[in-house]
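As C-alpha cells, the structure follows; a few thoughts come after it.
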Amino acid sequence: MTQLYWQTAGEGNVDLVLLHGWGLNAQVWHGIIDRLSAHFRLHLVDLPGFGRSHGFPALTLDEMVDTIHSQLPERAILLGWSLGGLVASRLALRFPQQVAGVISVASSPCFTERDEWPGIKPQTLQGFQHQLSTDFQRTVERFLALQTLGTDSARQDARTLKEAVLSLPMPDVAVLEGGLEILRTADLREELDALKAPLLRIYGYLDGLVPRKVASLLDARWPASQSIVMEKAAHAPFISHPEAFCDHLLAFTHQQA
Numbered sequence: 001m002t003q004l005y006w007q008t009a010g011e012g013n014v015d016l017v018l019l020h021g022w023g024l025n026a027q028v029w030h031g032i033i034d035r036l037s038a039h040f041r042l043h044l045v046d047l048p049g050f051g052r053s054h055g056f057p058a059l060t061l062d063e064m065v066d067t068i069h070s071q072l073p074e075r076a077i078l079l080g081w082s083l084g085g086l087v088a089s090r091l092a093l094r095f096p097q098q099v100a101g102v103i104s105v106a107s108s109p110c111f112t113e114r115d116e117w118p119g120i121k122p123q124t125l126q127g128f129q130h131q132l133s134t135d136f137q138r139t140v141e142r143f144l145a146l147q148t149l150g151t152d153s154a155r156q157d158a159r160t161l162k163e164a165v166l167s168l169p170m171p172d173v174a175v176l177e178g179g180l181e182i183l184r185t186a187d188l189r190e191e192l193d194a195l196k197a198p199l200l201r202i203y204g205y206l207d208g209l210v211p212r213k214v215a216s217l218l219d220a221r222w223p224a225s226q227s228i229v230m231e232k233a234a235h236a237p238f239i240s241h242p243e244a245f246c247d248h249l250l251a252f253t254h255q256q257a
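Read in UniProt numbering, the sequence shown has 239 at position 239, and its numbers run on one by one without any break.
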C-alpha cells in the first residue's frame, strides 16, 4: 500500500508545509524544526517515493502535486527546497485558493540551462541519470556534495545531508530517475508570471546548482515577489545558516499575517 508520509508538529496557528529536495526526505529539516515549531503548525512531508513515502512509482510533477494536494491544509504556506520548490510552485498555480504563500529555497522555475537562462547543464543531469543505474548510492552522495561546496561548513553540511538520506531506506532508482527528469524538463517561468500568492525566493550566493543570476532575472520578471541571496550559503542555506534562514522566513510570514 502506498501512503504519503505526513507528520504534523508545532504550536502555531499558521500551516507551513515543508517539501524537501531530490534524493532526500523530511529529516533534512531537523535543524530548524525547534526554531519554527513555536510559530507554525509544521507539516513535514516525504515526497512520493522518497523517505517513508515508499511504494510510489516514479511520478510526473503533476502526479506528485495531486498526491500532496489530497492532504494539503486550507490556506497553507508552502516551503519548497530545490525540487520541492517546483512542487510548491505547481501546487500554488493549480490550487491557488488553498495556498497563502510560497517560499522557494535554492530553487528555480527552470533548473536546466537553456538559451540565455542560467542553470545546470543538460548533460550534467543526463550524466547523473546514467550513473544512477550503475552505482546509485555513490551518485546520490556526489549530488549531495555538490549542494554544499564552497561554504565554511561544507564538510559538516554534506554530512548532515548524507545522514538524512541514510537514516531511511534509499528511494528506488526509478523514483530517483523520475525526480531528475522533472529537474531536467520542467519550466514554470511563463506559468509563474500569473502567480497570485505572495512569493519569497531564498538563494545561496555560492550555490553551484541554482546560479545566483537566477535571483536578479526573476527580480526583474516578478517585481511583486521578494528575494534574498544569503552571502555565505550554498544550496542548503537552512543547514549552513539555520538562524538567519529562519529569521528571513519569519519576517516574510509576519508580513502575510
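Backbone N, C-alpha and C define an ideal beta-carbon position, used for all residues, glycine too.
Practice task
Take residue 238 and list the residues in its own chain whose beta-carbon comes closer than 6 Å to its own, dropping the five residues that flank it on each side.
Solution key: 32, 245
Exercise for the section: Could you tell me the distance, in whole angstroms, from the CA atom of residue 232 to the CA atom of residue 200? Expected result: 19 Å
Practice task
For residue 49, count neighbouring C-beta atoms within 10 Å of its own C-beta (all shown protein chains included) and say buried if the count is 16 or more, exposed if not.
Solution key: buried
Handout entry: Through-space distance from residue 72 to residue 99, alpha-carbon basis
Key = 9 Å
Handout entry: Span of the beta strand (DSSP E), counted from its first residue to its last, around residue 64
Key = Unbroken run through residue 64 is the alpha helix (DSSP H), 61–69; no beta strand (DSSP E).
Practice task
May I ask you to verify whether the region 195–213 touches the region 170–179, counting CB pairs closer than 8 Å and requiring at least 3?
Solution key: no
Problem - beta strand (DSSP E) runs wholly inside the region 86–116, at least 3 long, in chain order - result: 99–105
Practice task
Jot down the residue ranges of each uninterrupted alpha helix (DSSP H) in the region 135–211, minimum 4 residues, whole runs only, in chain order.
Solution key: 154–166, 173–185, 189–192
Practice task
Compute the distance between the beta-carbons of residue 29 and residue 18, then report whether it is under 8 Å.
Solution key: yes
Handout entry: Proximal residues to residue 122 (C-beta, below 6 Å), its chain only, five neighbours per side dropped
Key = 112
Exercise for the section: Label residue 197 either buried or exposed according to how many other C-beta atoms from any shown protein chain fall within 10 Å of its C-beta, with 16 as the threshold for buried. Expected result: buried
Practice task
Could you tell me how far apart the beta carbons of residue 235 and residue 214 are, in whole angstroms, since I believe they sit closer than 8 Å?
Solution key: Between residue 214 and residue 235 the Cβ distance is about 12 Å, and since that is not below 8 Å, they are no contact.
Handout entry: Helix, strand or coil at residue 79 according to DSSP, with G and I counted as helix
Key = strand
Practice task
Give the DSSP-derived three-state secondary structure of residue 234 in the structure shown.
Solution key: coil
Practice task
Determine the extent of the beta strand (DSSP E) in which residue 18 is found, giving its start and end residues.
Solution key: 15–19
Practice task
Determine the burial state of residue 108: buried for a count of at least 16 other Cβ atoms within 10 Å of its Cβ, exposed for fewer.
Solution key: buried
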